[in-house]
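Protein chains in written order, with the numbering used here: chain A, 422 to 714; chain B, 1363 to 1619.
All C-beta atoms in this analysis are idealised placements derived from N, C-alpha and C, irrespective of residue type, glycine included.
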Amino acid sequence: MRKLLVFMGALALCCGSSVAAEDKNKKDDKISTFYAYVDSDVCARLMLGPITQGRIDCSKKAYKQGSNIVIVRLDDNVVFSVNKVKLVKEYLGGIGKVTGEAKTKSGEMKLESFMPEQLSDVPADSPAQKLLDVRNFKAKSTDGLFEKIRHELAMMAYITTFDFISFTMVGDDVILTGWTVRDTNRDDAFHRVKRIEGVKNVVNNIEILPLGNQDMQIRASARGALEQQLGRYFWSNGSDIKIIVKNGNIILLGVVATKEDSDIATIKCNSVSMAFNVINLLRVEPPPAKNKG
Amino acid sequence: MQFIDMNLRRKHTVNEYRRPWKNRFECFASILMIAMAVGCSKPQTTEEAAAPPVKKIPAGAQFSGFLKDYSALKPNPAVEGEMLTYVSADAKKNLRSYFAIVVDPIEVYVATDADEKQVNDDRRKALTNYFQHALANAVSDAFPMVEKPGPLTLRLRAAVVGVDVGGQNGALNIGKVGVEMELVDSETGERIAAAVDRASLGAGAEVGAVNLSRDEKAAAAREAFDEWASRLRAFLDSAHELKGEDMEKADKSYKPY
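Structure, rendered in structure tokens:
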């Protein structure tokens, strides 16, 4: 009997120590305070550039269409999903000082408080100014480094119709954004960009999508529906239209030739059973005219 | 006399009273320990529970018969060794049309001259479980594992072919073993890719223990299974590599936001 009690006690101690170790790990993610922009998940992952009126409009529009609320740490552009959405919801499209437990690796934050601030309140010497100053963002077409990064990411082997990886350059730093269904793509993108000469820091905001049964069904159905009428945008090893499915919401990304095609894509995806919302962010770019001479 | 009797009776009554309490406590402690043990143990997957029966390579046959069709297999220079591979060229149903995977329990084919009845069940399980986990580890970051078959999901079937029962104390000898693997559409069963690796990576290796990780003698077997799994991954990587026209299309279509 005593032996049994001693054994049980030892077992309880073991369990207790492992729980304590976990708690210690948790405490490593210390409480911090920083300037953050309250964004919608979709716009934050796409990083449409500095916080301009266009970005704010995107945040509000995407939220109305069903996108989740996230916060973007202005110091380094890391995106965090938050536990208390109500605390920041009314400040969507604005900035503030947030306090809480930020987990950079998983992109999650346990919010404790949010103090709304004006853009002008951010001190000039604060690292948070980085994202607020348009001059820090590099123009896409004129920079050789931008093209090198774009080409590297375009050559990733495991990118499918259901992945979309984008990036933005702030000085010589690169912010990777987007969504992927594969772990390997998140790491591969980071390492490919990191080893390019001229790139200083890489922030990896690529989110790995859940593979629930419902989302898998939606992915397959959405691709099938789009291929029926927009088959020319799909080929055996890839597609111009990217279908991002997250928790029942469909986000359409990529490029189509006409506004009609973009509208057809919305209609087709709206017909997919089990899908809650369709957020159409397809860009319309007519193909370049062919020179006859 | 009566006094003594009463004392005995009293003692007996106290024991009767104490015993159920002791039993109840022990019972509670046992239940708690069992519950903790069950709670802490790894849940057994359906794949591990339902092991397929051991089969035998038909006499005089070049292959085991695990794959339905061997005619389309060709040598693949992109993979180390002498792996024969096949990839569907169908524009709508090829490796790139899928991204999730379900790994089936591994099948075992004994050599033509071996007696499949002598295969020890625990040793077979040790072998197949290890290979199943090695395969899952090798492919899971590129093909995330899902629990059930479904859309966009491949089913990985694999067999260890040519196992002999001639080892020490009935250990399974994998000295002349090869592997056959197939990726099929998890819903329709349609074949998307296949690979046969007949390189005898397990020369001198034996599986003689229930738990492969505790048996030092099985180190060679572990290495062989890990190598076959990594070759499968190399095959999948090579099949995904962008080439020629696909490369141009991917480059042209990729426009970051």
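Closer than 8 Å by beta-carbon distance: list the chain B residues that pair up with His-572 of chain A, in chain order.
-> Asp-1613
Should Asn-1456 of chain B and Ile-1536 of chain B be called a contact, given that it needs their Cβ atoms to be closer than 8 Å?
-> no
What does Asn-634 of chain A touch in chain B if you count any residue whose Cβ is under 8 Å from its own?
-> Lys-1510 and Gly-1512
Cβ separation of Leu-674 of chain A and Leu-702 of chain A, assumed to be a contact under 8 Å, to the nearest whole Å = 5 Å
9 Å Cβ cut-off: residues of chain B touching Phe-611 of chain A | The premise fails here: Phe-611 of chain A is roughly 13 Å from chain B at the closest Cβ pair, so nothing lies under 9 Å.
Scan the stretch 1581–1614 of chain B and note each continuous alpha helix (DSSP H) run of 4 residues or more that stays entirely inside, going in chain order.
-> 1581–1602
Chain B residues whose Cβ lies nearer than 7 Å to that of Leu-467 of chain A = Tyr-1619
Alpha carbon to alpha carbon, what distance is there between Val-491 of chain A and Val-506 of chain A?
-> 8 Å
Cα-Cα separation, Gly-696 of chain A to Ile-671 of chain A | Per the sequence shown, the amino acid found at residue 696 of chain A is Ala instead of Gly. Roughly 7 Å between the two C-alpha positions.
What is the rounded straight-line gap between the Cα of Thr-605 of chain A and the Cα of Pro-1506 of chain B?
-> 9 Å
Residues of the stretch 1455–1466 of chain B with Cβ closer than 7 Å to any Cβ of chain A, in chain order | Asn-1456, Arg-1458, Phe-1461 and Ala-1462
Could you check what DSSP says for Thr-581 of chain A in three-state terms: helix, strand or coil?
-> coil
Using 8 Å as the threshold, is the stretch 1515–1529 of chain B in touch with the stretch 1604–1613 of chain B, meaning 3 or more CB pairs across them?
-> no
Rounded C-beta distance between Met-1543 of chain B and Ala-1561 of chain B? I'm assuming under 8 Å.
-> Not really, about 13 Å apart at Cβ, beyond 8 Å.
When you compare only the Cα positions, how much space is there between Ala-1440 of chain B and Ala-1596 of chain B?
-> 8 Å
CA-to-CA distance, Cys-690 of chain A to Glu-648 of chain A, given in whole angstroms | 11 Å
Residues bridged to Asp-460 of chain A (per DSSP) | A:Val-491
Contacting positions in the stretch 1592–1608 of chain B - beta carbon closer than 8 Å to chain A | Asp-1599, His-1602, Glu-1603, Leu-1604 and Asp-1608
Bridge partners of Arg-1553 of chain B, per DSSP?
-> B:Val-1546
Can Val-705 of chain A and Lys-680 of chain A be called in contact, C-beta distance under 8 Å?
-> yes
Exposed or buried, Thr-601 of chain A, counting other C-beta atoms within 10 Å across all chains shown (16 or more means buried)?
-> buried
Since I believe Lys-1418 of chain B is in contact with Val-1464 of chain B (beta carbons under 8 Å), could you give me their beta-carbon distance rounded to a whole number of angstroms?
-> In fact, because the Cβ distance is near 27 Å, the residues do not count as touching under 8 Å.
Enumerate in chain order the residues of its own chain whose CB-to-CB distance from Ile-477 of chain A is below 6 Å, with the five nearest sequence positions on each side excluded.
-> Gly-514
Short-range partners of chain B found in the stretch 656–671 of chain A, where Cβ spacing is below 8 Å = Trp-656, Ser-657, Asn-658, Gly-659, Ser-660 and Asp-661
For the stretch 612–684 of chain A, list the beta strand (DSSP E) runs that are entirely contained and at least 3 residues long, ordered along the chain.
-> 623–629, 662–667 and 670–677
Taking all protein chains shown into account, decide if Lys-1487 of chain B is buried (16 or more other Cβ within 10 angstroms of its Cβ) or exposed.
-> buried
Apart from the five residues on each side of it in sequence, which residues of its chain come closer than 6 Å, Cβ to Cβ, to Asp-460 of chain A?
-> Ser-480, Val-491 and Val-493
Residues that Met-695 of chain A contacts on chain B, provided the C-beta gap is smaller than 9 Å = Residues of chain B passing the Cβ test: none, with the nearest at roughly 12 Å.
CB contact flag (Met-577 of chain A, Ala-610 of chain A, <8 Å) | yes
Mind listing the chain A neighbours of Tyr-1616 of chain B? Cutoff is C-beta to C-beta under 7 Å, in chain order.
-> Arg-571, Leu-574 and Ala-575
Going along chain B in order, which residues have a C-beta closer than 7 Å to the C-beta of Thr-581 of chain A?
-> Arg-1458 and Phe-1461
If we count the other Cβ atoms within 10 Å of its Cβ and call it buried at 16 or more, is Lys-667 of chain A buried or exposed?
-> buried
Residue-level contact to chain A via CB, Asp-1588 of chain B, 8 Å cutoff | no
Within the 8 Å Cβ cut-off, does Ile-1503 of chain B reach chain A?
-> The sequence given here has Asp at residue 1503 of chain B, not Ile. Asp-1503 of chain B counts as touching chain A.
Helix, strand or coil for Lys-481 of chain A, going by three-state DSSP, please let me know.
-> helix
Just by C-beta distance, which residues in the stretch 1435–1450 of chain B are closer than 7 Å to chain A?
-> none
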